[in-house]
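Asker: With this note's numbering as the guide, the letters of the sequence shown map in order to residues 14 to 92. Got a structure for you, questions after.
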Amino acid sequence: MDEALWKRLSRFRRLSTIDLRPDISEHFELRAEVMQRGSRVASTRLEFLGSDGKLLSTGAGACGSAGPAVAGQAVSRTS
């Protein structure tokens with residue numbers, strides 16, 4: 014793909030985000046999983062949980078990938 018970076022990014026100019034209510038807690042948990050990872054694109058899913066374990070939000074996305082395919086590899090991190 015020989016398209017300039019600024020030209021590729023300009024296609025996403027009209028995307029927007031949804032405003033979410035803040036949650037004031039000392040502890041959050043984020044769970045992320047690589048659903049499928051190929052030689053060029055990876056698809057992911059995540060969950061964001063509050064200190065009481067309540068699901069606050071979810072997300073999914075696709076991004077550029079590097080390396081061998083590893084599907085179903087889960088990652089969990091707390092703060």
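In this text, a Cβ means the ideal position worked out from N, Cα and C, and glycines have one as well.
Hey, Asp36 and Gly66: beta-carbon distance below 8 Å or not?
Answerer: no
Asker: Do you know whose CA, among Gln49, Gly72, Trp19, lies nearest Leu43's CA?
Answerer: Gly72
Asker: Put Glu53 into one of helix, strand or coil per three-state DSSP.
Answerer: Here the sequence assigns Arg to residue 53, which means Glu is not the residue at that position. Reduced to three states, the DSSP call for Arg53 is coil.
Asker: In chain order, what residues of the same chain lie with their CB nearer than 7 Å to the CB of Leu68, ignoring the 5 residues before and after it?
Answerer: Glu60, Leu62
Asker: Tell me, please, which residues DSSP counts as bridged to Leu59.
Answerer: Ala45, Gly72
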